[in-house]
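To start, the structure itself, in structure tokens.
There are 2 protein chains.
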Amino acid sequence: MTKKNKKSKKTNKLELIPLGGVGEIGKNMFLLKYGKECIIMDAGLKFPDEAMLGVDIVIPDTSYLLEQNLNLLGIILTHGHEDHIGALPYMVEELNAPIYGTRLTLGLLEAKFIDNPVNEARMYEIHPDKTLELSPNFKLDFFRTNHSIPDSVGVAVETPEGTIVYTSDFKFDQTPVDGEITEYYKLAELGRKGVIAAIVDSTNADRPGYTLSEKEVGESINEIFRLSQSRVILATFASNIHRIQQVIDAAVRHNRKVCVVGRSIVNSVDISSELGYLKIPKGVLVDTDKISDLPPEMVVMITTGSQGEPMSALTRISQSEHRQVSINPGDTVIIAANPIPGNEKLVARTVNNLYQLKAEVIYQPVSGVHVSGHGSEEEIKMMLNLLRPEYVVPVHGEFRQQASCSKIAQKLGIAEEKVFLTKPGNVMEFSGGRGRMAGTVSAGRVLVDGFGVGDVGEIVIRDRQTLSEDGIVIIILAIDPDRNRVLAGPEIISRGFVYVREASDLLEGAKESLKKTVKKINNDQLQDWNKIKSKIRDSASSYFYDRTGRRPMIMPIIIDVPNDNDINK
Amino acid sequence: MTKKNKKSKKTNKLELIPLGGVGEIGKNMFLLKYGKECIIMDAGLKFPDEAMLGVDIVIPDTSYLLEQNLNLLGIILTHGHEDHIGALPYMVEELNAPIYGTRLTLGLLEAKFIDNPVNEARMYEIHPDKTLELSPNFKLDFFRTNHSIPDSVGVAVETPEGTIVYTSDFKFDQTPVDGEITEYYKLAELGRKGVIAAIVDSTNADRPGYTLSEKEVGESINEIFRLSQSRVILATFASNIHRIQQVIDAAVRHNRKVCVVGRSIVNSVDISSELGYLKIPKGVLVDTDKISDLPPEMVVMITTGSQGEPMSALTRISQSEHRQVSINPGDTVIIAANPIPGNEKLVARTVNNLYQLKAEVIYQPVSGVHVSGHGSEEEIKMMLNLLRPEYVVPVHGEFRQQASCSKIAQKLGIAEEKVFLTKPGNVMEFSGGRGRMAGTVSAGRVLVDGFGVGDVGEIVIRDRQTLSEDGIVIIILAIDPDRNRVLAGPEIISRGFVYVREASDLLEGAKESLKKTVKKINNDQLQDWNKIKSKIRDSASSYFYDRTGRRPMIMPIIIDVPNDNDINK
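Line order of the protein sequences matches chains A and B. With the first sequence counted from 1, adding 5 to any position gets you our numbering. With the second sequence counted from 1, adding 5 to any position gets you our numbering.
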């Protein structure tokens with residue numbers, strides 16, 4: 006920060022670098038850099054795909070930022086979803102910068118720090134109508150947006166090289182549940198003054214038309230409550246406060262009591278009620294253990310598990326494994342979400358289980374119990390026409406959606422070369438009113454497994470892959486190196502390969518075959534452990550493949566047993 | 006068969022037992038039994054779900070059939086899809102019964118036997134207009150149906166206890182590509198004469214209305230060909246001969262040459278052309294290596310990979326890894342399929358990769374390039390109204406679709422108790438015009454891994470699961486049992502747990518800690534290997550969990566090293 010005044014404006018360029026949030030779902034993080042100063046916008050996590058065996062979460066790689074020794078002025082959070090704030094607990098101490106977010110966003114972030122304690126997190130509230138000047142080079146203005154969580158904002162960053170606008174997740178909901186419509190006038194004013202680049206939410210760029218209003222979901226829910234004589238159990242995302250509000254409103258209208266089931270949703274209901282984002286009339290909420298005292302037509306349960314997550318309340322309820330709630334025949338279960346890609350089978354399993362318990366399940370996309378929080382093609386057009394950016398940076402969603410966003414921009418007359426389809430680490434440089442792709446810095450994913458952040462990489466994952474496919478066969482040989490003698494073994498032990506009790510012939514045969522392999526090794530070669538191991542590996546590998554068609558990991562272990570080595574001495 | 010005449014009609018009941026095809030996708034197999042005689046309808050495989058690590062395919066369990074020593078009169082195949090014929094190569098020798106199928110079905114089955122040779126398979130062609138009398142108790146009639154593969158039939162089995170109808174996969178396509186409309190008159194006649202039970206395809210029972218005709222796909226494809234000036238690459242299922250025919254017809258109309266890419270689709274095009282199910286005018290097909298000689302607007306490639314299958318042609322093309330075909334910018338790629346549940350991410354990856362290569366990709370459900378081969382709600386109603394069965398057995402699809410089929414039947418006035426929602430092994434008994442659930446026999450899934458059929462079970466899969474999550478830590482101790490001495494170790498080796506090169510402190514620390522654990526063991530306890538192992542396991546497990554939050558498989562191995570044991574002697 007002390008060097009700031011030494012910089013000459015001419016040599017500095019504005020650099021925009023996605024550290025995540027492009028080319029794959031989630032894990033949003035954008036670095037905006039001018040000279041040695043920079044800000045970060047969002048710091049999200051994503052959940053691992055099925056190939057990242059054993060990995061808990063994936064966070065963006067901030068090594069570039071740390072290695073460059075930049076002056077990080079602040080971390081700006083646009084809303085409280087995991088894919089925008091979830092990585093912070095893993096990097097806040099290292100980044101050591103103030104955090105800015107709206108009230109609800111910070112409220113949800115604080116709850117995360119209870120689960121993942123950090124020594125210090127300096128948090129400051131964003132007031133969407135006030136400018137936040139982090140330095141003369143970084144003046145931030147905010148605009149309220151509509152999304153599937155309250156208190157969402159977009160950011161306009163005024164820099165010496167022009168204004169960068171980051172829409173973050175948005176839709177244009179003309180009838181938002183909380184009445185807070187998008188601040189169109191701010192967007193229009195930004196467009197009038199000039200925007201060098203807009204970072205645009207492309208999640209639904211491949212969907213034609215407009216995304217429906219969240220209010221439509223309220224009407225569907227209301228209609229279900231009106232017609233149903235049974236208990237209603239509704240699963241939604243814990244952070245979808247607007248939807249929870251609509252369920253509560255419908256419950257009040259139809260004289261039902263509401264019970265909130267599941268740790269994360271209880272948490273989010275508590276925080277958002279306390280902060281005034283959720284309005285629950287007195288006497289509406291009931292405890293789970295009071296449900297059985299009420300007639301079925303007076304009960305609503307709001308819960309999690311709309312993605313079929315194995316540990317969630319609805320999943321456990323559907324498997325008759327929930328401690329407090331069980332399905333009664335005739336219960337109506339509403340799954341108010343579409344499956345996130347990759348979760349389809351989990352959701353289907355939950356639905357099948359609920360049908361087995363004779364519940365009515367409302368889960369089809371046509372049922373009107375879910376709308377997306379992201380704008381479709383026409384909303385993206387509207388956003389671009391309001392902002393009128395020189396350059397467009399499609400982000401969020403997958404590459405196919407970003408490519409669709411590029412096509413939308415082109416339909417509006419923006420030249421293809423002014424749309425930057427990027428990957429994490431790609432540098433976009435803006436200077437003198439012109440933008441260009443300017444190389445790549447190190448960026449990518451960091452895998453978190455247990456307490457380990459980044460210690461699980463390609464090699465470990467590849468080993469897990471092999472182990473998961475065909476298991477492991479361990480072959481042990483004890484050798485006395487002094488006298489070049491095999492003292493014991495080969496012993497064979499396997500896991501995840503064959504059912505040992507029914508494969509004794511196979512394993513005995515392997516032992517005999519390996520004994521021959523070992524015998525063929527000359528005594529003077531017993532010094533060369535690598536050679537022995539490789540001979541054992543080849544021999545065992547082809548023995549097992551010929552007989553089983555499988556390729557377990559073969560692990561020869563040679564143990565050195567000198568005569569005088571007794572650790573119990 | 007010799008005992009047939011000794012049976013008294015009164016003691017025999019007709020039993021219908023699903024061995025697969027209920028409660029989960031695929032793996033269709035139905036056993037119909039009367040006294041000691043029985044037939045099997047279909048013998049399908051399914052692909053493993055993500056939890057069945059390393060498993061190649063899943064087939065039905067036929068142990069009940071074999072243990073009961075039944076007289077299997079025949080195996081009836083309704084059409085040539087994997088989920089109806091794919092398990093046969095793994096069980097045909099054991100079942101040792103004649104196989105019946107239509108011409109194309111047997112043609113496709115023969116090709117499977119080339120890949121999975123069997124000693125003998127007696128195959129007989131079904132002529133849909135001829136009765137097949139397997140015994141006085143089993144008279145089979147067939148009716149042509151519409152499905153996404155030609156030569157599909159349903160089966161009506163006349164038995165002493167009434168007629169069972171198995172619709173197998175069907176839709177009512179009023180404008181089928183090959184002009185072979187469903188034989189409605191046969192269905193109506195069956196209904197008139199009386200059907201005791203109908204086994205009904207429920208795959209799309211949760212979709213309202215009617216399924217569109219395959220011809221609609223032809224029109225969409227034709228329109229794309231008409232408008233496109235680029236090469237067109239279309240991916241579909243290899244066995245969807247009607248669709249391939251329509252692509253060829255459109256190609257001829259728009260003066261394009263057709264190149265077939267991918268082993269399975271070349272195979273299926275060969276078989277169906279040879280048998281007359283596919284009509285390709287001379288000069289339309291070209292070899293892959295001739296494509297580059299043609300202008301782009303004259304090229305169509307038909308290929309596989311519509312499900313994003315890792316080894317398929319389109320997947321390799323999308324990853325620029327195909328030996329002969331690569332994407333040119335502007336190529337139009339049509340993915341003429343919906344993702345099967347579980348494949349969504351694979352398909353999305355292929356689409357993203359194709360966009361990266363600057364192809365136009367047509368993959369959205371709204372694009373009209375795919376229709377289902379299964380009938381929707383109104384078609385199921387029509388089927389039930391034609392057959393007018395006493396009892397309904399919803400099969401295919403998942404439980405939720407079978408439950409939807411039950412509701413459809415109830416809408417038509419069939420009582421809920423006359424709809425049997427079953428699981429594999431459930432016995433339905435029909436006698437004197439009445440049906441009832443009559444217990445359960447052993448049935449279920451058999452896992453095939455490599456050459457092993459059924460040798461991989463719960464324990465092996467559970468071990469693979471543990472190994473895939475956090476890897477394995479092997480701890481070796483060499484003991485001289487005679488003198489109760491530890492001769493070497495503990496040595497620690499890990500795979501899939503941590504990156505060893507960066508975890509030397511962790512592993513060294515573990516070694517020191519385990520040395521202490523071993524030292525605490527009294528010499529006289531060194532005889533009790535189980536106790537030593539359990540102490541090592543507990544100690545290592547908590548050491549690693551405290552430091553990494555992970556729970557690798559801990560595998561203590563004790564090796565016995567007597568002085569005189571030298572296999573090299």
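For each residue, glycine too, the CB sits at the ideal point set by N, CA and C.
Residue 209(A) burial status per 10 Å Cβ neighbour count (16 or more: buried):
Reading the first sequence from its first residue, position 204 is the one you call residue 209(A). Answer is buried; the Cβ neighbour count reaches 16.
Hey, residue 446(A) and residue 459(A) are a contact pair by Cβ (cut 8 Å); roughly how many whole angstroms apart?
Within the first sequence, the letter at position 441 stands for residue 446(A). Within the first sequence, the letter at position 454 stands for residue 459(A). Cβ-Cβ separation between residue 446(A) and residue 459(A): approximately 17 Å, too far for a contact (criterion under 8 Å).
Check whether the Cβ atoms of residue 341(B) and residue 374(B) sit closer than 7 Å, and answer yes or no.
In the second sequence, the residue the question calls residue 341(B) occupies position 336. In the second sequence, the residue the question calls residue 374(B) occupies position 369. Cβ atoms of residue 341(B) and residue 374(B): closer than 7 Å.
How is residue 364(A) classed by DSSP in three states: helix, strand or coil?
Counted from its first residue, the first sequence places residue 364(A) at position 359. DSSP places residue 364(A) outside both helix and strand once states are collapsed to three, so it counts as coil.
Kindly indicate the opening and closing residues of the beta strand (DSSP E) around residue 188(A).
For this step, residue 188(A) is matched to residue 183 along the first sequence. Neither: residue 188(A) is in no beta strand (DSSP E) and is coded neither H nor E.
Would residue 151(A) and residue 89(A) be called neighbours here (beta carbons separated by less than 7 Å)?
The residue given as residue 151(A) occupies position 146 in the first sequence. The residue given as residue 89(A) occupies position 84 in the first sequence. It is not a contact, given that the beta carbons lie outside the stated cut-off.
Which residues in the same chain as residue 381(A) place their Cβ atom closer than 6 Å to its Cβ, once the five residues preceding and following it in sequence are excluded?
By one-based count along the first sequence, residue 381(A) stands at place 376. Taken in chain order, the residues that qualify are 209, 212, 214, 215, 216.
Between the Cα of residue 263(A) and the Cα atoms of 140(A), 297(A), 281(A), which residue gives the shortest distance?
By one-based count along the first sequence, residue 263(A) stands at place 258. Measuring from the Cα of residue 263(A), the nearest candidate turns out to be 297(A).
With which residues is residue 4(B) paired in a DSSP beta bridge?
In the structure as shown, chain B starts at 6 and stops at 574, and residue 4(B) therefore has no counterpart that could be examined.
CB residue 20(B) to CB residue 201(B), shorter than 7 Å?
In the second sequence, the residue the question calls residue 20(B) occupies position 15. In the second sequence, the residue the question calls residue 201(B) occupies position 196. No. Outside cutoff.
Residue 238(B) and residue 338(B) closer than 7 Å at C-beta:
Here residue 238(B) corresponds to residue number 233 of the second sequence, with the count starting at 1. Here residue 338(B) corresponds to residue number 333 of the second sequence, with the count starting at 1. In terms of Cβ geometry, residue 238(B) and residue 338(B) form a close pair [threshold 7 Å].
Would you list the residues sitting across from residue 338(A) in a DSSP beta bridge?
Translated into the one-based positions of the first sequence, residue 338(A) becomes position 333. Partner(s): 238(A), 366(A).
Where the beta strand (DSSP E) containing residue 565(A) begins and where it ends
Your numbering for residue 565(A) matches position 560 in the first sequence. Segment 558-565, the beta strand (DSSP E) holding residue 565(A).
Is there at least one Cβ from chain E nearer than 7 Å to residue 350(A)'s Cβ?
In summary, chain E is missing from the structure at hand, where the protein chains are A and B.
Interface flag, residue 169(A) vs chain B, CB-CB below 7 Å:
Start at 1 with the first residue of the first sequence, and residue 169(A) comes out as number 164. Judged by the 7 Å Cβ criterion, residue 169(A) is not in contact with chain B.
Please name the residue or residues paired with residue 21(A) in a DSSP beta bridge.
Here residue 21(A) refers to the residue found at position 16 of the first sequence. The beta-bridge partner set that DSSP reports for residue 21(A) consists of 37(A), 433(A).
Taking C-alpha atoms, which residue in 128(B), 316(B), 302(B) lies nearest to residue 308(B)?
Here residue 308(B) refers to the residue found at position 303 when the second sequence is read from its first residue. Measuring from the Cα of residue 308(B), the nearest candidate turns out to be 316(B).
Between 258(B), 189(B), 121(B), 564(B), which has its C-alpha nearest residue 483(B)'s C-alpha?
The sequence position of residue 483(B) within the second sequence is 478, counting from 1. When 258(B), 189(B), 121(B), 564(B) are compared, the shortest CA-CA separation from residue 483(B) is found for 564(B).
I need the boundaries of the beta strand (DSSP E) containing residue 2(B), first residue and last residue.
In the structure as shown, chain B begins at 6 and stops at 574. Residue 2(B) is therefore absent and cannot be evaluated.
Under the three-state reduction of DSSP, which class applies to residue 308(A): helix, strand or coil?
Walking along the first sequence from the start, residue 308(A) turns up at place 303. DSSP places residue 308(A) in strand when its eight states are reduced to three.
Under the three-state reduction of DSSP, which class applies to residue 273(B): helix, strand or coil?
Taking the second sequence and counting its residues from 1, one reaches residue 273(B) at position 268. Look at residue 273(B) here: in three-state DSSP terms it is helix.
Contact under 7 Å by Cβ, residue 66(B) with residue 451(B):
Reading the second sequence from its first residue, position 61 is the one you call residue 66(B). Reading the second sequence from its first residue, position 446 is the one you call residue 451(B). Yes, they are a contact pair.
Just tell me which of 174(A), 165(A), 95(A) has its CA closest to the CA of residue 16(A).
What you label residue 16(A) is simply residue 11 of the first sequence in a count that begins at 1. In this structure, 165(A) is the residue among 174(A), 165(A), 95(A) with its C-alpha nearest to the C-alpha of residue 16(A).
Quick check on DSSP: helix, strand or coil for residue 246(A)?
Numbered from 1 along the first sequence, position 241 holds the residue referred to as residue 246(A). Here residue 246(A) sits in helix by DSSP.
Quick one, which of 100(B), 154(B), 463(B), 464(B) has its alpha-carbon nearest residue 111(B)'s?
Locating residue 111(B) in the second sequence gives position 106, where the first residue counts as 1. Ranking the options by Cα distance to residue 111(B), first place goes to 154(B).
Under 8 Å by beta carbon: chain B residues contacting residue 472(A)
Position 467 of the first sequence, counting from 1, holds the residue named residue 472(A). Here the neighbours are 469, 472, 473, 476, 477, 500, 501.
Give me whichever residues DSSP pairs with residue 5(A) in a beta bridge.
Residue 5(A) is absent from the structure shown; chain A starts at 6 and stops at 574.
Assess contact between the segment 426-440 of chain A and the segment 48-62 of chain A, defined as three or more Cβ pairs (one per stretch) separated by less than 8 Å. Is contact present?
No, because fewer than three Cβ pairs between the segment 426-440 of chain A and the segment 48-62 of chain A fall closer than 8 Å, the two stretches do not touch.
Per DSSP, which one or two residues make a beta bridge with residue 545(B)?
Along the second sequence, one-based indexing puts residue 545(B) at 540. Paired residues: none, contrary to the question.
Please classify residue 492(B): does DSSP put it in a helix, a strand, or coil?
The sequence position of residue 492(B) within the second sequence is 487, counting from 1. Correct three-state label for residue 492(B): strand.
Give a yes or no on contact between the segment 112-130 of chain A and the segment 356-369 of chain A, applying the rule of three or more CB pairs nearer than 8 Å.
Contact between the segment 112-130 of chain A and the segment 356-369 of chain A is absent, because fewer than three Cβ pairs lie under 8 Å.
Option nearest residue 291(A) by Cα separation, candidates 256(A), 245(A), 172(A):
Taking the first residue of the first sequence as 1, we reach residue 291(A) at position 286. Looking at the Cα atoms, 256(A) is the closest of the given residues.
Indicate the three-state DSSP secondary structure (helix, strand or coil) for residue 461(A) in the structure shown.
For the purposes of this step, residue 461(A) is taken as residue 456 along the first sequence, with counting starting at 1. Reduced to three states, the DSSP call for residue 461(A) is coil.
Here's the rule: buried if 16 or more other CB atoms are within 10 angstroms of the residue's CB, otherwise exposed. What is residue 312(A)?
Here residue 312(A) is taken as the residue at index 307 of the first sequence, counted from 1. So residue 312(A) ends up on the buried side.
Go through its chain and collect everything with a Cβ distance to residue 185(A)'s Cβ below 8 Å, but skip five positions before and after it.
Counting from 1 along the first sequence, the entry for residue 185(A) is found at position 180. Residues of the same chain with a CB within less than 8 Å of the CB of residue 185(A), apart from the 5 flanking positions on each side, are 149, 151, 155 in chain order.
Please identify the residue among 252(A), 52(A), 219(A) whose C-alpha is closest to the C-alpha of residue 379(A).
Locating residue 379(A) in the first sequence gives position 374, counting from the first residue. Looking only at 252(A), 52(A), 219(A), the smallest Cα-Cα distance to residue 379(A) is reached by 219(A).
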